[in-house]
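First the structure, in the form of structure tokens, and then the observations on it.
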Amino acid sequence: MTTTSPASPTAIAAADVINSATPIETDLLGIHPRMLCIKHPFTRLRAHLGTDPWKGWFAELVKQGQSLLAQELPATLMGTPPHQFDVRHLGEQMILLALLARLTDDASCRTRLAYLMQRLTDEKDWGHSLIYGHWARGFAFALDWMWHDLDAATRNAHVETLYTRTRQVFDAWATYRSGEPFGYTWNISAVVLGGVAATAACLYGERPDIAPIMNLAWEKMRLQSLALGPDGVSPEGIMYGGYYTSYLIISFLLAEDLMGFDLFETTPWLARHARSLHAQTVARTSWRSDNVFFNQGDAHGHAFGHESILRIIASRLKDETAQWFADEFLESGKMGTSPFSFLLHDPEVKPVAPTTRPPFDYLEDYGIVIMRSDWSGTESACAVKCGPNVGHHAARRFTHPLGGGHMHPNNGDVQIFAHDAWILAHPGYVWKDTSYHNTILINGTGQLGDQSEWLEDLPYRRQRKYPFMGRAEHHGAWDYCMADMTNAYPDQSGLTALRRFVFYLRPDTWIIIDAMESARPVTLTQLFHTGFPVAADGVQTFSGHGTTAACQIRIHAPATVVATLEEQPLLHTSRTPQGTMNLLRLTTPGAAVRHLCVTEIQAYPSSVKAPPSIGITVSAREETVHLPISGSRAGITIHPFRGDTPITGA
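Have a look at this one:
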């Protein structure tokens, strides 16, 4: 469609220039559908519907679509509480129904889609946040994919609806008074930007004044690319990072197809994302709907869009690990196929399991270390975290809040999963409180940013000092990491040094060594949230049994501690009660300017007796800790107050 009438795309684009060199201006003007289906045409996808894996996936999508046909919507969409009906999902429903309409002759999908689009057209306000992002992206894809199925009056009405709702967001962002335009690693910003980018992709050339919206979208995408670090770790944790990435990756594809620039090349974060996600999983045979990952941020039992993200990364970057991981999600039954992963799947990328690498991963930007016994699928594993809530890469480049509100004040946190159970657990989606994590309190006080609904990182952004992972090393029979937590605590604490060493002796022993120095006497409290109750079991020893796993916790230093066992009440982010956790609280018997705490944790099957201690030697005079290595005369000597590299020898 290239005419010279005043209302033609050519005429409109002549007065609404992006930069005169983009594919949407030079090659795709007036063409519909064009959103993600130029390189992946529906005609080619139709030809695959009778063959695997598309056949099975398509049956699942059809089933999903059929379940929507009779769904009753609230009389008023905006303002409906999410627990009654989460209206955000209407965006994804439109994408699914539009895909089914393109691939089948089922009139019911078209009828339902027309109804949903009219309902959203009747809603005069889509807001400026998550609902807008979901609705605008879904509406834009549906409008583009069904462009030639709509009569002119309906199509024009939908064009104006989408433009008007997006223009409200554009004008709000242009004031530079809200947080969303600057939240380059924030899930809400990515969702809203997803709506803006999809609107521009759909409407350019169909009405005036779309070029500014397109320019805003690609400028913000470049800043997202700049803010993402090198290690592939999701901003705001696994769950909300998935939410963020599921929108970011579609926006990046639209930018490549229609704007002509490759954000995958400028974002090395994407190349490591699949491997990073896999590194943070628990044992494969233990995956359940609420139990796949070691979480460092808010999480409440499921993840957003990871199968789709992985499938798209596999297709775009020819990433065999991503393809394997997406397959594993489907085979485990923990996640279903999405319209985008179905559309963009590349069968030429063969799945390859990444389990031939050493059982040790260091995600350096966020300071996350994962150590495991092996890759058998039933392995024991632990995760230790110490680093900025937005990662070192972003923290060095920006001083404004980028996101990270769903992260937790949990530097030095240790999580352990062994024998199909949590030994040391994560609290979930909670009020930001250091005491909910397996870390340290100083004088009973937590880390910077806690006691808030969302993690407040302003103290870090002002001082430009962050906690960090000082060392992380893999050795054959053992691994270790050293978390420098000093900068995680308020200056008023008087801390001058706080280092946490975590040694992992394969397969089921962990040694936690905390060395603290301060300008004034303070107390130090270690927190251990166990997956099942523990009780005193001898001198400075605690043990407990769950269904499949058991553990024993022994205190080797100091000589005495004040130990309390409790069911700690948790608060949701909204400050409503959210259950309890088993907590072993170990506090030094008095205040001092130096503390050395050495704790041994052993996990074992609940059906067997506890193993003996490995025989740790703590020398107060030399300020050393010596760890023997089973089956060898060699041992490990640590000088925790010096922070030196451990010494191995006979």
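Quick note: the sequence shown uses the working numbering, first residue 1, plus one each step. Using N, Cα and C, we set each Cβ at its ideal position, and we do this for glycine too.
Residue nearest to residue i in terms of C-alpha spacing, selected from the options
i    : options                : result
Y466 : A322, S289, P577, T399 : T399
G138 : K124, L120, D125, H128 : L120
P427 : Q578, T617, L495, Y247 : Q578
D365 : L228, I312, P347, N438 : L228
E307 : A197, G336, D52        : G336
C597 : A634, H639, S630, L565 : H639
N438 : H345, R585, H419       : R585
W126 : L97, I238, A98, L90    : L90
H345 : E623, S543, G444, F42  : F42
A21  : N215, L143, S315, L113 : N215
Y504 : G615, H158, I370       : I370
R499 : P490, G470, I250, T509 : G470
R155 : C202, T564, P268, F532 : C202
G643 : P605, N295, A591, A472 : A472
A394 : Q415, V349, A353, R461 : R461
L343 : L36, I31, N19          : L36
Helix, strand or coil at residue i according to DSSP, with G and I counted as helix
i    : result
L49  : coil
D479 : strand
N443 : coil
Y240 : helix
W671 : In the structure displayed, the chain extends from 1 to 650; residue 671 sits before or after that span and is not available.
V608 : coil
D298 : coil
T3   : Confidence in T3 is poor, its pLDDT being 36 and thus under 50, which makes the residue's placement unreliable; the coordinate value appears in the next sentence. Note: T3 maps to coil in three-state DSSP.
G579 : strand
E566 : strand
E671 : This structure cannot speak to residue 671, because the chain is shown only from 1 to 650.
E651 : Residue 651 is absent from the model: the chain starts at 1 and stops at 650.
L571 : strand
P23  : helix
T10  : helix
K432 : strand
K318 : coil
I313 : helix
A603 : strand
K39  : coil
A283 : coil
S543 : strand
V62  : helix
D413 : strand
M78  : coil
N291 : strand
I188 : helix
Where residue i falls, given that 16 or more other Cβ within 10 Å makes a residue buried
i    : result
V17  : exposed
A318 : Per the sequence shown, residue 318 should be read as Lys rather than Ala. K318 is exposed by the Cβ-count criterion.
A650 : The pLDDT assigned to A650 is 45, lower than 50, so where the model puts this residue is not dependable, and the model offers no usable value.
I647 : exposed
L73  : exposed
R464 : exposed
T3   : Here T3 scores only 36 on pLDDT, less than 50, and its place in the model should not be relied on; the value that follows carries that caveat. So T3 counts as exposed.
T161 : buried
A14  : exposed
K124 : exposed
G194 : buried
R44  : exposed
M1   : With a pLDDT of only 36 at M1, under the threshold of 50, the placement of this residue in the model should not be trusted; the figure read from the coordinates follows. Exposed, since its Cβ has fewer than 16 Cβ neighbours within 10 Å.
Y436 : buried
A634 : exposed
T281 : buried
D144 : buried
P235 : buried
E206 : buried
E656 : What is shown of the chain runs 1 to 650, which leaves residue 656 out entirely.
A200 : buried
Integer-rounded CB distance, given that residue j should sit under 8 angstroms from residue i
i    : j    : result
A425 : M581 : 7 angstroms
L583 : L527 : 7 angstroms
G297 : H406 : 5 angstroms
A657 : V618 : This structure does not reach residue 657, given that the chain is present from 1 up to 650, and the question cannot be answered.
A497 : M516 : 7 angstroms
F555 : V561 : Looking at the sequence shown, residue 555 is not Phe but Ile. The pair is a contact, with the Cβ atoms about 6 angstroms apart (cut-off 8 angstroms).
G133 : V192 : 4 angstroms
Unbroken stretches of the alpha helix (DSSP H), 4 residues or longer, contained in the region 326 to 352: 339 to 344
What are the complete alpha helix (DSSP H) segments, minimum 4 residues, inside the region 452 to 536? 458 to 463
Which runs of the alpha helix (DSSP H) spanning at least 4 residues fall entirely within the region 191 to 267, listed in chain order? 211 to 227, 237 to 254
Can you list, in chain order, the stretches of the alpha helix (DSSP H) that have 4 or more residues and sit fully within the region 107 to 169? 107 to 122, 130 to 145
Please list the segments of the beta strand (DSSP E) lying wholly inside the region 361 to 412, counting only runs of 3 or more residues, in order along the chain. 368 to 372, 381 to 385
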